[in-house]
Ligand code: C2E
Ligand code: MG
Ligand code: MG
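In my numbering, the protein residues as written are 58 to 668.
Written out as structure tokens, the structure is:
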């Protein structure tokens, strides 16, 4: 970063100097021709004047010598001697003065400024008898000079642009080339060490703002490179290094940086791996990529790569050099343990990976071991406060970790493809439990993967058939996230579910991106206002406005509204006042095991006959 700032400053400085030089050249180009023309012309005119002066003085001198006493009275002759008066096309005046300065005769007319003049003496018998002044206009000359100035000004402007832009372009190219050379490895075209350290520093600073696994640095060392170099020669070694560089690059994302440190050492910065496995997966991909044979013209060679990895966790900001040292240490231990593998520095990563793996393994057997449980949260009518439905919320009773919430394990279950199975269990269990609460609807959450996995409508139909729950007592809740991709297929699945008689609710309404579009494409039975808006209802006018808007939409579309996360009477009052039909939240009851719902439903006096 610092480097690129330096480059920018240098470029600006150089551009400024080039502009100044170009300006000076342009100024000279603009001024020189008219000034030179003016100077040369004035000199020429002055010389002409001197010659004229000499001729006319001589003629007048001859007149005075011939008639020393009355020559001044010979006005005709004087006029002839002054001469040229009538043939002047240029403005010129000739004035004959006596020695006291009084005018004896004039020829032509005295021109206006600017002028040049020459003065000389008229002599008779070697004595001065009068003075002659010739005055000439410079106007024509100035006009000529102005014309030349205009042309040379245009030339100068053109010159300025040329003199500025050409060197600037050349400079930019040169700076770019120098920068590239200074930051890249000449052989492979990958970044060099300096650039990688720069990027590592930036990634570390960025990771400081986030939790998570931060930045991963990989140090790579080719196996058996020395053999290739020794047996096939350096030229082949270079070709191999170039191909290795290209293969590494191909495995990486745009945001990753790969560098050659020299010899057969490479390094990679992975700035924000999504999860611990992403680091491990990349290491494995790199090893696989380099393990494939390389074509070196007539030869085919096999090499391998050993990798050491250091992780800089979010929120900590170790120096880039320290992270590099860790990765190097890890590389060392990987080499010791056998080549063609990767090792992490320190145990931390292994612990994180192991923890997740363990959770994965536990999740795979959780269903079989009966560790899942459904809790139910009542949904009540805001008008009558009667329980109208319950929402099934999944809980995992982990043998060691205790109760794990859905937000923690559902994403993992999705990732490893377990959710359709778990979802089917949830559906069946919820339908079976719901049979006990006559007149109460049961709402079941469905996630992206369940809908997109295909056959979801069949799973729903089977759950209903197996348990005997009437379809109208089942509601499927989907979040906007589900709707965001695979539009047509999703809408078709939802329509099939609705055709069974099951109702469909849009969960967490207002937190996604595409709600309104979907409202047009699919007829939901219920909109559930996200609890983030409900929570701020009594103190944030904006939340109130959003709730009003959602209620407006639901009324306009004839869709029921449910407010989630109602915790206070005030919130309930405000919602009821605004015409919200239904609510759920701690005010009415936290999610509880099925048997507690039995008691609640009984207490609310929902008669079995209501069914
Ligand atoms: P959701 O469907 O929006 O469920 C409502 C969440 O809000 C539940 O969290 C519930 O415990 C919580 N909640 C209810 N009332 C209040 C309240 O008054 N205040 C507060 N602060 N929170 C309240 P939970 O049980 O942790 O579930 C989280 C999410 O996990 C659910 O959000 C749902 O999207 C998902 N989920 C739960 N069970 C399943 C399931 O069986 N399948 C699928 N695919 N997703 C599920
Ligand atoms: Mg829900
Ligand atoms: Mg919700």
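Heads up, the beta-carbon is just placed ideally off N, CA and C, and yes, glycines get one too. Every value quoted in this text rests on a predicted model; they were computed, and no experiment measured them.
Residue 653 (DSSP reduced to helix, strand or coil): Here residue 653 is taken as the residue at index 596 of the chain shown, counted from 1. Here DSSP, grouped into helix, strand and coil, assigns residue 653 to helix.
Distance, residue 565 Cα to residue 640 Cα: One-based indexing of the chain shown puts residue 640 at position 583. One-based indexing of the chain shown puts residue 565 at position 508. Between the alpha carbons of residue 640 and residue 565 lies a gap of roughly 13 Å.
Residue interval of the beta strand (DSSP E) (run including residue 236): Numbered from 1 along the chain shown, position 179 holds the residue referred to as residue 236. First-last for residue 236: 196-240, but that is the alpha helix (DSSP H), not the beta strand (DSSP E).
Three CB pairs or more closer than 8 Å across the segment 223-237 and the segment 289-301: The segment 223-237 is not in contact with the segment 289-301.
In DSSP terms, what residue 502 is bridged to: Position 445 of the chain shown, counting from 1, holds the residue named residue 502. Looking at the DSSP output, residue 502 shares a beta bridge with 534.
Per-residue DSSP class, three states only, for residue 597: The residue you call residue 597 lines up with position 540 of the chain shown. DSSP places residue 597 in coil when its eight states are reduced to three.
Separation of residue 170 from residue 207, as counted between CA atoms: In the chain shown, counting from the first residue as 1, residue 207 sits at position 150. In the chain shown, counting from the first residue as 1, residue 170 sits at position 113. Roughly 22 Å separates the two Cα atoms.
As assigned by DSSP and simplified to three states, the class of residue 360: For the purposes of this step, residue 360 is identified with residue 303 of the chain shown, where counting begins at 1. In this structure, residue 360 counts as coil in the three-state DSSP scheme.
In DSSP terms, what residue 399 is bridged to: Indexing the chain shown from 1 puts residue 399 at position 342. 364.
Contact check, residue 594 vs residue 616, beta carbons under 8 Å: For this step, residue 594 is matched to residue 537 along the chain shown. For this step, residue 616 is matched to residue 559 along the chain shown. No, Cβ-Cβ distance for residue 594 and residue 616 is not below 8 Å.
Neighbourhood of residue 116 by C-beta, 7 Å cutoff - its chain only, sequence neighbours within 5 removed: Against the chain shown, residue 116 aligns to sequence position 59. Scanning its chain for C-beta atoms nearer than 7 Å, with the 5 sequence neighbours on each side dropped, one finds around residue 116 the residues 138, in chain order.
Contact check, residue 498 vs residue 574, beta carbons under 8 Å: One-based indexing of the chain shown puts residue 498 at position 441. One-based indexing of the chain shown puts residue 574 at position 517. Result no, Cβ atoms of residue 498 and residue 574 do not sit closer than 8 Å.
Contact set, ligand 2 heavy atom to C-beta under 5 Å: My final list is 502, 534 and 564.
Host alpha helix (DSSP H) of residue 249 (start-end): Reading the chain shown from its first residue, position 192 is the one you call residue 249. For residue 249, there is no enclosing alpha helix (DSSP H), as DSSP marks it with neither H nor E.
Distance CB(residue 315)-CB(residue 305) smaller than 8 Å: Sequence index remark: in the chain shown, residue 315 carries index 258 (1-based). Sequence index remark: in the chain shown, residue 305 carries index 248 (1-based). Cβ atoms of residue 315 and residue 305: closer than 8 Å.
Selection from 470, 416, 471 and 443 that minimises the alpha carbon distance to residue 455: Translated into the one-based positions of the chain shown, residue 455 becomes position 398. Nearest of 470, 416, 471 and 443 to residue 455, Cα basis: 416.
Distance between residue 212 and residue 74 (C-alpha atoms, nearest Å): Position 17 of the chain shown, counting from 1, holds the residue named residue 74. Position 155 of the chain shown, counting from 1, holds the residue named residue 212. Residue 74 and residue 212 have their alpha carbons spaced roughly 21 Å apart.
Distance between beta carbons of residue 437 and residue 369, contact taken as under 8 Å: Locating residue 369 in the chain shown gives position 312, counting from the first residue. Locating residue 437 in the chain shown gives position 380, counting from the first residue. About 50 Å; that fails the 8 Å criterion.
Cβ pair residue 192, residue 158 closer than 8 Å: Numbered from its first residue, the chain shown carries residue 192 at position 135. Numbered from its first residue, the chain shown carries residue 158 at position 101. The answer is no: Cβ separation not under 8 Å.
Pick from 550, 508, 516 and 490 that is closest to residue 530, judged by C-alpha positions: In the chain shown, counting from the first residue as 1, residue 530 sits at position 473. The residue with the shortest Cα to Cα distance from residue 530 is 490.
Beta-bridge partners of residue 108, as assigned by DSSP: Taking the chain shown and counting its residues from 1, one reaches residue 108 at position 51. Residue 108 pairs with nothing; no bridge assigned.
Test item: CB-CB of residue 173 and residue 82 under 8 Å: If you number the chain shown from 1, residue 173 lands on position 116. If you number the chain shown from 1, residue 82 lands on position 25. Taking 8 Å as the cut-off, the beta carbon of residue 173 is found no closer than this to the beta carbon of residue 82.
Given 8 Å, three or more beta-carbon pairs between the segment 322-332 and the segment 244-263: The segment 322-332 is in contact with the segment 244-263.
Beta-carbon separation (whole angstroms), residue 298 vs residue 362, contact threshold 8 Å: Counted from its first residue, the chain shown places residue 298 at position 241. Counted from its first residue, the chain shown places residue 362 at position 305. So it is not a contact: roughly 12 Å between Cβ atoms.
Beta carbon of residue 711 nearer than 8 Å to that of residue 433: In the structure as shown, the chain begins at 58 and stops at 668. Residue 711 is therefore absent and cannot be evaluated.
Straight-line gap, residue 63 to residue 379 (C-alpha atoms, nearest Å): Your numbering for residue 63 matches position 6 in the chain shown. Your numbering for residue 379 matches position 322 in the chain shown. Annotation: residue 63 to residue 379 spans about 25 Å, alpha carbon to alpha carbon.
Sequence-distant residues of its chain with Cβ nearer than 8 Å to residue 557 (five each side left out): The residue you call residue 557 lines up with position 500 of the chain shown. Listed in chain order, the non-local C-beta contacts of residue 557 below 8 Å within the same chain comprise 514, 517, 518, 521 and 528, local neighbours out to five positions each way being set aside.
Member of 426, 136 and 130 whose CA lies at the smallest distance from the CA of residue 13: Here the chain comprises residues numbered 58 to 668, so residue 13 is not present and cannot be evaluated.
Reference residue 414, options 129, 333, 385 and 353, closest by Cα: By 1-based counting over the chain shown, the position of residue 414 is 357. When only C-alpha atoms are compared, the closest one is 333.
Inter-residue spacing [alpha-carbon to alpha-carbon] between residue 66 and residue 236: On the chain shown, residue 66 is found 9 positions in, with the first residue counted as 1. On the chain shown, residue 236 is found 179 positions in, with the first residue counted as 1. C-alpha separation (whole angstroms): 13 Å.
Residue 468, DSSP secondary structure in three states: The residue labelled residue 468 in the question sits at position 411 within the chain shown. Assigned with DSSP and collapsed to three states, residue 468 falls in helix.
Distance cut-off 7 Å: residue 639 Cβ against heavy atoms of ligand 3: Counting from one through the chain shown, the residue named residue 639 turns up at place 582. It does not: the Cβ of residue 639 is nowhere closer than 7 Å to a heavy atom of ligand 3.
CB of residue 209 within 8 Å of CB of residue 87, strictly: Numbered from its first residue, the chain shown carries residue 209 at position 152. Numbered from its first residue, the chain shown carries residue 87 at position 30. A contact, by the Cβ cut-off of 8 Å.
heavy atom of ligand 3 below 7 Å from residue 624 C-beta: The residue you call residue 624 lines up with position 567 of the chain shown. No, Cβ of residue 624 sits at least 7 Å from all heavy atoms of ligand 3.
Per-residue burial, residue 246 [other beta carbons within 10 Å of its own, 16 or more giving buried]: On the chain shown, position 189 is the one that residue 246 refers to. It is exposed - the Cβ of residue 246 has fewer than 16 other Cβ atoms within 10 Å.
Own chain partners of residue 122 with C-beta closer than 6 Å, once the 5 adjacent residues on each side are dropped: The residue you call residue 122 lines up with position 65 of the chain shown. Within the same chain, residue 122 has close Cβ partners 181.
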